[in-house]
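In the working numbering, the protein residues as written are 18 to 710.
Below, the structure written as structure tokens:
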């Protein structure tokens, strides 16, 4: 998938992330009409200076509160509570909203020591991975050997690739020797562009504007607002005689003088009008005294006096310390520095190379948090009605509240309304949006019993047995789906798989061309989601059944945004093996290909050949599936169930399922040990299946 984002991040504050973001934004706007800027984490909910700078400099259309997701304190709380997934979920939600409205999203990380200490991982990198975004790293070479920057790039690029992220570029700011080839060689060796950018002192200096904020000062004389954008070279405390002051004056000095030193004021006035003397950046009058009014009038009336005059209550030494402590900033009010920054970046960065790298950057990363977000967003868009027959279970009630609060689906709970609401009150949850039906008193029971009798009379059903069957909540809920009163059902928290699936087989039945109900698990690995089938329903499928499992699994994968590349698994790859088990898989592959030539299906194939491109090149050269399979079909339940559990335990993968497939309308089975989160995700999956069935 072609990238529509780039994540700029650094490991330390003041590395120059904003400087790089401004330069990249200048490049991006040549190729994209609608661009957004996004900082997943900001210091506080007050307007973020970086966001405001990028928005105003490039006249972006997004609102300030659209450009961030969490404050630092909110991020700290999620990390402290061990709720890392919720942190990603909130960020992804805001990011996806921007992607829907803009052609490209430029993201910037938040370098903060406190967050780094709380997380034993690179939080910014993890966020970038969860946004499936290429990464541009920013490193500072200021006041440290170049070898340190080289080591940081080497280590960082290795870490990124281990995490499945391909770095797009590295920017090394504050380089003392921009002609050094060693940094570029690192990039050449690893195939990553590295751009050493020399130290530009003026970008590192505060302006008069920064001083006004730091010293709580006020302007006495100002001939042009541009005077406030001048950078401060150094503070010069003029506590000496005028001739000594003029000897020490340098270009860009901030002259600090007590109000009663009229001789210094006049000396500075004379120097300003002389082409042979240096030009000060501004004059700061300190202390509680007022300067002589006639001298101030002289400075005010002379149009050639082009220096801002500022008053501050602090004494001269205190003012000098405040100047030295002033932080250099890039904000919309620093127009001259912004122009310098953009020019400086363009001078040392190959914009054509950046554009080519972005054009070639493909990203197939899908993290568990991203996949769940997509499921919830798709389910919310579908707005399907899901019936939950097990309202006696607290987990079901808790999950129902979450589903309705997040607008994932419309919920119907089976059971006595007052009893369920009373239990909800005890649990402290709100089920006010839920619909309720009690099978024991419902007006639909007689109608459903008659319909069930018609469906099953050839199998021995009687009107009396049908009436009794409809008292069973699972059968009643299944009939609701069949009759269109619900779009799907989720059960199994307190019932067996058989008790959930059998009513569906008897009432809803399988889709045309499919004779069996099977299942898949979504295996959410760190950077991708795979589909495993069948791991829960069919014990030992014959070749025809195995082919149907493969086709149903491919359709399920596609319905959830996963491009199906189906590997039919066996203990042998290609033509190398013989035996009944291999022949079963080979025959199933042939049947599936004939039934659905539109789907990429290959087999028999060993697991390593299906997932590892190197093994695939040796064992199945030229294969369109081997090495990049997304759907894995196991030859029997024993193999599938053990494999999914082994992968889950050994890799930490999140297994979502089982998801039933093959039915005309969706019914899904929960495990009796399911969590509230499992129920929420299964409801969302069922809603999506209902939307595509």
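From the three backbone atoms N, C-alpha and C, an ideal C-beta is built for every residue, glycine too.
This structure is a prediction, so every number in the text was calculated from the model and none was measured.
- Assignment of beta strand (DSSP E) within the region 52-77, counting only whole runs of 3 or more residues, yields 52-59 in chain order.
- Secondary structure of residue 589 (DSSP, three-state): coil.
- The straight-line gap separating the alpha-carbon atoms of residue 87 and residue 188 is approximately 26 Å.
- Contact between residue 246 and residue 352 holds, with the beta-carbon distance rounding to 6 Å and staying under 8 Å.
- In this structure the region 315-329 lies against the region 230-239, because at least three pairs of beta carbons, one per stretch, are closer than 8 Å.
- Between residue 526 and the set 392, 434, 681 and 633, the nearest pair of CA atoms involves 681.
- Relative to residue 524, the option among 468, 602, 304 and 193 whose CA is nearest is 468.
- Contiguous beta strand (DSSP E) elements confined to the region 622-646 do not occur, taking only those with 3 or more residues.
- Counting along the chain, no alpha helix (DSSP H) covers residue 556, and no H or E run does either.
- Taking one beta carbon from each stretch, the region 556-566 and the region 509-520 have fewer than 3 pairs nearer than 8 Å; the two do not touch.
- Residue pairing by DSSP puts residue 85 in a beta bridge opposite 56.
- The Cβ neighbour count for residue 67, taken over all protein chains shown within 10 Å, is at least 16; the residue is labelled buried.
- The beta carbons of residue 77 and residue 358 sit no closer together than 8 Å.
- 8 Å or more divides the Cβ of residue 667 from the Cβ of residue 622.
- With respect to residue 627, residue 651 sits apart: the two C-beta atoms are not nearer than 8 Å.
- Put simply, the backbone Cα of residue 143 is about 12 Å away from that of residue 387.
- Every unbroken stretch of the beta strand (DSSP E) spanning 3 or more residues and falling wholly within the region 161-231 is given here in chain order: 184-192 and 211-215.
- With fewer than 16 other CB atoms across the displayed protein chains lying within 10 angstroms of its CB, residue 290 is exposed.
- The region 529-539 makes no contact with the region 633-644, as fewer than three CB pairs between them are under 8 Å.
- Taking each of 683, 37 and 487 in turn and checking the Cα distance to residue 576, the smallest one comes out for 683.
- Taking 8 Å as the cut-off, the beta carbon of residue 103 is found closer than this to the beta carbon of residue 95.
- Apart from sequence neighbours up to five positions away, the residues of its chain that approach residue 128 with a beta-carbon distance below 6 Å are 27, 29 and 30, ordered along the chain.
- With 16 or more other CB atoms across the displayed protein chains lying within 10 angstroms of its CB, residue 495 is buried.
- Taking each of 348, 192 and 146 in turn and checking the Cα distance to residue 179, the smallest one comes out for 146.
- With a cutoff of 8 Å on beta-carbon distance, residue 346 and residue 227 are scored as near each other.
- Secondary structure note for residue 649: its beta strand (DSSP E) is the uninterrupted segment 648-650.
- Sixteen is the threshold: since fewer than 16 other Cβ atoms of the shown chains lie within 10 Å of the Cβ of residue 307, the residue is exposed.
- Of the candidates 658, 543 and 552, the residue whose Cα lies closest to the Cα of residue 535 is 552.
- Shown here for residue 75: same chain residues with a beta carbon closer than 6 Å to its own, the five before and five after excluded, namely 42 in chain order.
- Between residue 570 and residue 653, the alpha-carbon positions lie close to 14 Å from each other.
- Cα atoms of residue 403 and residue 383: separation of roughly 27 Å, rounded to the nearest angstrom.
- With a 10 Å radius around the Cβ and a threshold of 16 neighbouring Cβ atoms, residue 501 comes out exposed.
- Excluding the 5 residues flanking it on each side, residue 473 has same chain C-beta neighbours closer than 8 Å at 483 and 523, in chain order.
- Per DSSP, residue 487 lies in no alpha helix (DSSP H) segment and is marked neither H nor E.
- A straight line joining the alpha-carbon of residue 687 with that of residue 566 spans about 20 Å.
- A straight line joining the alpha-carbon of residue 194 with that of residue 163 spans about 9 Å.
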